[in-house]
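In our numbering, the protein residues as written are 1101 to 1634.
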């Protein structure tokens, strides 16, 4: 049955490449005409629904990466510190409410028109208005002083803004049309979008007039494939790099290396802290969603879950060793608080529940005041890692008298349900604002609100520098009295940090220097311009 499935997938893959004209010799070294091109299979969830438009969230938001087609003011360097792209320098006013950038004067869009400060202001002023994941709520407005000077005016200090400026690509004011730009973008980045066959592939070609280091890879083809199809494509030699899940590594592909990359890509569970019947704050588009859960709103349940899950077992049995345990959303980051760690202790989990008045019923499930310790757990069914985590959590919590009902679905559906039902979330940024996104009032999927935590986050954002903010970010997690740790409010339970795993042809030099953030997609091509064939 498994072989039949792989054969069928291989036939689909072959048909796909025939349709889009990307069939290639499996031995890259014999294809001299393509020594400067590469084909990469990534998760179909990574295909941007709104196109390649930074104003509509391309490359920014939750899954941050190099926008490739557009330039950014700043960049994150290999060590995740901040470097320069369009900007030559920037200064911050003493009150933190004004950031002034001086930009290069030698950059042109691919239509030959110079990029100026007006394009920067246009991009941000319009992105602020859109209901996307890119959080620009801290901005008041942006203005161009002259062709090379742009000033950002803030509603409130935001010490982490440099990380935002490293992922928002700049679009041309003169050629921007909201209805069409995402399908036919004009940018000033390393690559030009030459073709987009929706649901299938994207073809990028090197920008011959790029102002920076010229890409070694002149043509980059991205194909969107499920885990099974990506593996089948590698088996058939149809792709040069294929994303994969850890479970596929037990069956290596001949002629391909298995590559794994360090990440800050964390998996965990949101545990709604308010009872059922609430609503989320309105989104930018005015939408609200049901929020709250009668079981996870009980503090003892949340604290018990935190110490009842064997994270090491998930690393071993679900990630096949391609990962490590995680206790926070900021693993190994300078703003991580060690107090987030919690020992695996099923006996303690039971003790916490019983001390709170929960009693085992005849079915072996804890019960209190007629309420069973039972809840649904959402997960993205097309993702084998999230599926495996959901099933593991079900088994582990069953051992401590908590019943979990895993429900697989698509993210589009889950996004409207996860404020009231826990979900196997992915998270992780190169910025401390990840803490804000999970714990600040009105900003998080757990409906969590703690004025003390909010105050520490506000202090962090008002700091005079990113480094000066770290202590406040740590206190937002735990200050010795209150916070979001497992012994405190525990609105989230963090489980594991993934490694991103790929099959790559043995003859391909894949350069990947930067720790990957959350998002098993475009991050792999952050350094594709440096790749080469042996």
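Virtual Cβ for every residue (Gly too), placed ideally from N, Cα, C.
Whole angstroms is fine: what's the gap from residue i's alpha carbon to residue j's?
i            : j            : result
residue 1131 : residue 1170 : At residue 1131, the pLDDT of 44 sits below 50, so the modelled position is not reliable; the number obtained from the coordinates is stated separately. Whole-angstrom Cα-Cα distance: 30 angstroms.
residue 1633 : residue 1359 : 16 angstroms
residue 1629 : residue 1583 : 43 angstroms
residue 1446 : residue 1156 : 45 angstroms
residue 1199 : residue 1536 : 21 angstroms
residue 1542 : residue 1553 : 13 angstroms
residue 1196 : residue 1474 : 47 angstroms
residue 1229 : residue 1217 : 19 angstroms
residue 1617 : residue 1201 : 26 angstroms
residue 1650 : residue 1361 : Only positions 1101 to 1634 of the chain appear in this structure, which leaves residue 1650 out of reach.
residue 1567 : residue 1152 : 33 angstroms
residue 1429 : residue 1369 : 11 angstroms
residue 1194 : residue 1215 : 29 angstroms
residue 1223 : residue 1412 : 45 angstroms
residue 1129 : residue 1354 : Low local confidence applies: a pLDDT of 40 at residue 1129 is under 50, so the model's placement there is unreliable, with the coordinate-based value given in what follows. Residue 1129 and residue 1354: Cα-Cα distance of roughly 15 angstroms.
residue 1150 : residue 1614 : 27 angstroms
residue 1545 : residue 1205 : 43 angstroms
residue 1244 : residue 1141 : 40 angstroms
residue 1581 : residue 1399 : 16 angstroms
residue 1622 : residue 1181 : 20 angstroms
residue 1600 : residue 1364 : 10 angstroms
residue 1126 : residue 1146 : Bear in mind that the predicted position of residue 1126 carries a pLDDT of just 39, short of 50, making it too unreliable to give a figure here.
residue 1502 : residue 1585 : 20 angstroms
residue 1496 : residue 1406 : 11 angstroms
residue 1308 : residue 1323 : 23 angstroms
residue 1620 : residue 1160 : 14 angstroms
residue 1433 : residue 1289 : 29 angstroms
residue 1277 : residue 1234 : 19 angstroms
residue 1342 : residue 1375 : 43 angstroms
residue 1366 : residue 1426 : 7 angstroms
residue 1389 : residue 1377 : 10 angstroms
residue 1631 : residue 1312 : 16 angstroms
Based on Cα-Cα distance, which residue from the options lies nearest to residue i?
i            : options                   : result
residue 1593 : 1464, 1440 and 1138       : 1440
residue 1168 : 1236, 1255, 1205 and 1310 : 1310
residue 1443 : 1404, 1516, 1416 and 1545 : 1404
residue 1287 : 1392, 1365 and 1158       : 1158
residue 1185 : 1141, 1377, 1172 and 1363 : 1172
residue 1579 : 1551, 1410 and 1565       : 1551
residue 1396 : 1611, 1190 and 1518       : 1518
residue 1253 : 1390, 1500 and 1236       : 1236
residue 1305 : 1426, 1489, 1210 and 1574 : 1210
residue 1487 : 1456, 1516, 1417 and 1585 : 1417
residue 1385 : 1231, 1457, 1516 and 1514 : 1231
residue 1044 : 1469, 1183, 1297 and 1555 : Nothing can be reported for residue 1044, as the shown portion of the chain is limited to 1101 through 1634.
residue 1261 : 1190, 1491 and 1461       : 1190
residue 1401 : 1466, 1512 and 1380       : 1466
Are the beta-carbon atoms belonging to residue i and residue j less than 8 angstroms from one another?
i            : j            : result
residue 1562 : residue 1259 : yes
residue 1602 : residue 1280 : no
residue 1063 : residue 1263 : In the structure displayed, the chain extends from 1101 to 1634; residue 1063 sits before or after that span and is not available.
residue 1449 : residue 1408 : yes
residue 1577 : residue 1393 : no
residue 1274 : residue 1626 : no
residue 1423 : residue 1431 : no
residue 1391 : residue 1547 : yes
residue 1505 : residue 1477 : yes
residue 1268 : residue 1221 : no
residue 1371 : residue 1489 : no
residue 1356 : residue 1334 : yes
Got a sec, what are the start and stop residues for the beta strand (DSSP E) residue i sits in?
i            : result
residue 1253 : 1249–1254
residue 1301 : 1301–1306
residue 1406 : Careful: residue 1406 lies outside any beta strand (DSSP E), inside the alpha helix (DSSP H) at 1399–1408.
residue 1328 : It is not in any beta strand (DSSP E) - residue 1328 instead sits in the alpha helix (DSSP H) that spans 1327–1335.
residue 1283 : Careful: residue 1283 lies outside any beta strand (DSSP E) and carries neither H nor E.
residue 1506 : 1503–1509
residue 1558 : Per DSSP, residue 1558 belongs to no beta strand (DSSP E); it is in the alpha helix (DSSP H), 1551–1561.
residue 1189 : 1187–1192
Would you check whether the ligand NAP has a heavy atom nearer than 7 angstroms to the C-beta of residue i?
i            : result
residue 1166 : Of ligands this structure carries none, so the ligand NAP is not represented either.
Taking residue i as part of the alpha helix (DSSP H), name the residues at either end of that continuous run.
i            : result
residue 1566 : 1566–1577
residue 1309 : No alpha helix (DSSP H) contains residue 1309, which DSSP labels as neither H nor E.
residue 1411 : 1411–1417
residue 1494 : 1484–1498
residue 1539 : 1533–1539
residue 1220 : 1217–1227
residue 1261 : 1261–1265
residue 1371 : Here residue 1371 belongs to no alpha helix (DSSP H), and DSSP marks it neither H nor E.
Task: Three or more C-beta pairs below 8 angstroms linking the region 1571–1591 and the region 1327–1344 - done: no
Open item on the list: Taking contact to mean 3 or more Cβ pairs, one atom from each stretch, closer than 8 angstroms, check whether the region 1478–1491 and the region 1332–1340 are in contact.
Closed with: no
TODO: Check whether the region 1348–1356 touches the region 1521–1538, counting contact only when three or more Cβ pairs, one atom from each stretch, lie closer than 8 angstroms.
DONE: no
Open item on the list: I want to know whether the region 1311–1321 touches the region 1137–1146 - three or more CB-CB distances under 8 angstroms.
Closed with: Segment contact: the region 1311–1321 against the region 1137–1146, three or more CB-CB distances shorter than 8 angstroms; contact assigned.
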